[in-house]
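Undergrad:
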Amino acid sequence: MHRIVLLGPPGAGKGTQAKRLATELGIAHLSTGDMLRAAAAQGTSLGREADGYMRRGLLVPDALVLSILRERLASPDAQRGFVLDGYPRTVAQAHSLAEITPVEHVLYFEIPESVLVERLSQRRSCPVDGSVYNLVTQPPRVPGRCDRDGTPLIQRPDDTEEAVRTRLAVYREVTVPLLDLYRTQGLLRTVAAGGSVEEVAARVREALR
Ligand SMILES: [Zn+2]
């Protein structure tokens, strides 16, 4: 059983590593964004409720995210474990998570701010399915178009340099107590998240050993 949480600022490469880990270990990749979109697409009662918030551009409330996560953890592909990407973000969410499942490993993706700003300014997103690309490290197959559905990619307003610096400051403020919590529980390992996808993957494997 592998129950893994990935923490780190936006742009640290968690999503890419989470996908690889899930494939390598045969466990579920649980990204809150994907999970909410999938539940909405399936039209479950929780999914429809989440969809109502997302359509209005509102944050989906914690309790609802947690219910969807609980449902997802019960599904067959999550029975060998999971890698959770994008959740928890706060100490309160970590406590909620602990009520529905134990966690064995928490990996914190640490990366210098200058590298992040550089990376995020190269980021492009698909407005339809939320796929994220990087012009340098993870370009789409056809320039400017989503691999999954061919939609023209956009730079989200929150991926500009100024917005990125603000987001990172907010992230740090919220996350430091979360790191302290997991450190106290002896679960936290830090992974240097600079370098190539392969290099980071090797460090992730090392940290899980
Ligand atoms: Zn797309």
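Heads up: the sequence shown is residues -8 to 200, going by this note's numbering.
All residues carry an ideal CB built from backbone N, CA and C; glycine is no exception.
Keep in mind it's a predicted model, so treat the numbers as computed, not measured.
What residues sit near ligand 1, counting only those whose C-beta is closer than 6 Å to one of its heavy atoms, in chain order?
TA: Selection output, chain order preserved: CYS117, VAL119, ASP120, SER122, CYS137, ARG139, ASP140 and THR142.
Undergrad: In angstroms, rounded to a whole number, what distance separates the CA positions of ASP140 and GLY2?
TA: If you number the sequence shown from 1, residue 140 lands on position 149. If you number the sequence shown from 1, residue 2 lands on position 11. Cα-Cα distance, rounded: 23 Å.
Undergrad: In angstroms with no decimal places, state the Cα-to-Cα distance between HIS86 and TYR162.
TA: In the sequence shown, counting from the first residue as 1, residue 86 sits at position 95. In the sequence shown, counting from the first residue as 1, residue 162 sits at position 171. So the alpha carbons of these two residues sit roughly 18 Å apart.
Undergrad: Threshold first: 4 residues or longer. Then list the alpha helix (DSSP H) segments lying entirely within the stretch 51 to 81, N to C.
TA: Whole alpha helix (DSSP H) segments, 4+ residues: 53 to 64.
Undergrad: Strictly by DSSP, which residues pair up with ALA183?
TA: Your numbering for residue 183 matches position 192 in the sequence shown. In DSSP, ALA183 forms a bridge with GLU101.
Undergrad: If I'm right that GLU104 touches LEU159 with Cβ under 8 Å, what's the distance once you round it to whole angstroms?
TA: In the sequence shown, residue 104 corresponds to position 113, counting from 1. In the sequence shown, residue 159 corresponds to position 168, counting from 1. Yes, they are in contact, since the Cβ atoms of GLU104 and LEU159 sit about 6 Å apart, within 8 Å.
Undergrad: Have a look at the DSSP bridge pairing and note the partners of ARG114.
TA: Here the question's residue 114 lines up with position 123 in the sequence shown. BP columns for ARG114 point to ASN125.
Undergrad: Can you say whether MET26 is buried or exposed, counting buried as having 16 or more other CB atoms within 10 angstroms of its CB?
TA: Along the sequence shown, read from residue 1 onward, the residue named residue 26 stands at position 35. MET26 comes out buried.
Undergrad: Sorted by chain position, which residues of the same chain lie with C-beta nearer than 6 Å to ARG201's C-beta, five sequence neighbours on each side aside?
TA: Nothing can be reported for residue 201: it is not among the residues displayed for the chain, which extend from -8 to 200.
Undergrad: Which residue or residues does DSSP assign as beta-bridge partners of ILE145?
TA: One-based indexing of the sequence shown puts residue 145 at position 154. Its beta-bridge partners are SER116.
Undergrad: Going by C-alpha to C-alpha distance, which of LEU169, THR181 and ILE18 sits closest to LEU75?
TA: The count along the sequence shown starts at 1 and reaches residue 75 at position 84. Measuring from the Cα of LEU75, the nearest candidate turns out to be ILE18.
Undergrad: Under a three-way DSSP split, which group does VAL(-4) fall into?
TA: Sequence index remark: in the sequence shown, residue -4 carries index 5 (1-based). VAL(-4): strand per DSSP, three-state reduction.
Undergrad: Which residues share a DSSP beta bridge with LEU21?
TA: Here the question's residue 21 lines up with position 30 in the sequence shown. Partner(s): LEU75.
Undergrad: So the alpha helix (DSSP H) GLN176 belongs to, where does it begin and stop?
TA: Reading the sequence shown from its first residue, position 185 is the one you call residue 176. That residue, GLN176, is in no alpha helix (DSSP H); it is neither H nor E in DSSP.
Undergrad: What whole-angstrom Cβ distance do LEU107 and PRO0 have, given they're in contact under 8 Å?
TA: To locate residue 107, count along the sequence shown from 1; it is residue 116. To locate residue 0, count along the sequence shown from 1; it is residue 9. Their Cβ separation, rounded to whole angstroms, is 6 Å, which keeps LEU107 and PRO0 in contact under 8 Å.
Undergrad: Taking the alpha-carbon of LEU169 as reference, which of LEU126, THR81 and PRO67 has the nearest alpha-carbon?
TA: The residue labelled residue 169 in the question sits at position 178 within the sequence shown. Answer by Cα proximity: THR81.
Undergrad: Could you check if GLN8 is buried or exposed, using at least 16 other CB atoms within 10 Å of its CB as the buried criterion?
TA: Along the sequence shown, one-based indexing puts residue 8 at 17. Answer is buried; the Cβ neighbour count reaches 16.
Undergrad: Is ARG200 helix, strand or coil when you go by DSSP?
TA: Here residue 200 corresponds to residue number 209 of the sequence shown, with the count starting at 1. Of the three classes helix, strand and coil, the one that applies to ARG200 here is coil, per DSSP.
Undergrad: With a threshold of 16 other CB atoms inside 10 Å of the CB of ILE91, please say whether the residue is buried or exposed.
TA: Within the sequence shown, residue 91 is the residue found at index 100, counting from 1. Exposed, since its Cβ has fewer than 16 Cβ neighbours within 10 Å.
Undergrad: By the DSSP assignment, the alpha helix (DSSP H) with THR7 in it spans what residues?
TA: The sequence position of residue 7 within the sequence shown is 16, counting from 1. Run containing THR7: 5 to 16, per the alpha helix (DSSP H) assignment.
Undergrad: So the candidates are ARG200, ALA183, GLU62 and THR128; which of them puts its Cα closest to the Cα of GLU101?
TA: Counted from its first residue, the sequence shown places residue 101 at position 110. Looking at the Cα atoms, ALA183 is the closest of the given residues.
Undergrad: Since VAL123 contacts GLY6 with CB under 8 Å, what's their CB separation in whole angstroms?
TA: Here residue 123 corresponds to residue number 132 of the sequence shown, with the count starting at 1. Here residue 6 corresponds to residue number 15 of the sequence shown, with the count starting at 1. With 8 Å as the limit, VAL123 and GLY6 qualify as a contact, their Cβ atoms being about 7 Å apart.
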